Amino acid sequence: MTYKTPILTLVLVYTPDLRVLLLERADFPAHWQSVTGSQQPGETLAETATRELREETGIDAAAYGGVVDWGMTNDYEIFPQWRHRYPAGTTHNTEHVFALEVPHPVPVVLNPREHLAQEWLPWQEAAPKCFSWSNRAAIEQLPLGVANAARASA
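Each residue of the sequence shown is one higher than the one before, counting from 187 in the working numbering.
Following this line, the structure appears as structure tokens:
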């Protein structure tokens, strides 16, 4: 068995009016999240975020300028039901937050092994719908993150 690396990316996909893409997990129905996934050997974090986005949604990040590293990192305990996916004794993940702005809610092609449904929601509705505290926190930072990025590019 190939184990997952306990280093992963979270990718917030959002529109200029701050609607956020959420995905319902296939292995945890009624639990919603942004795109997430573990880093593979030899990948940079940006490559992981880009690959996971494509695998889970069919969205090509390059078509929208690429993912942006928010410089946010979270350490959290892995849910017990998923620890068997990691090397023995691994109890925590380190998550790196990325974002991708798309011009409008773009079509999504779900990987049915990973997700059952998708929704585009205003950030204020998306944040509390996430089961993960770190995903909620990242979405709650979206208005500030977008404002900071706009100031930096001006």
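Glycine included, every Cβ here is placed at the ideal spot set by N, Cα and C. Note that this is a predicted model, so its numbers are computed, not measured.
In the structure shown, E229 adopts coil according to DSSP, grouped into three states. According to the DSSP assignment, S224 belongs to the beta strand (DSSP E) that extends over 221–224.
I245 places its beta carbon less than 8 Å from that of V294. Nearest C-alpha to T188 among L328, L209, H270: H270. In the pairwise beta carbon analysis, the region 206–225 is classified as touching the region 242–257: at least three pairs are separated by under 8 Å. Rounded to whole angstroms, the Cβ separation of L208 and Q310 is 13 Å, and the two are not in contact under 8 Å. DSSP places H282 within a strand segment (E or B) once states are collapsed to three. Around the Cβ of E263, a 10 Å sphere holds fewer than 16 other Cβ atoms; the residue is exposed. The beta carbons of N260 and E281 sit about 5 Å from each other, so the pair counts as a contact at 8 Å. Sequence-distant Cβ neighbours of T191 in its own chain, meaning closer than 6 Å and more than five residues away, are S224, Q225. Per DSSP, N297 lies in no alpha helix (DSSP H) and is assigned neither H nor E.
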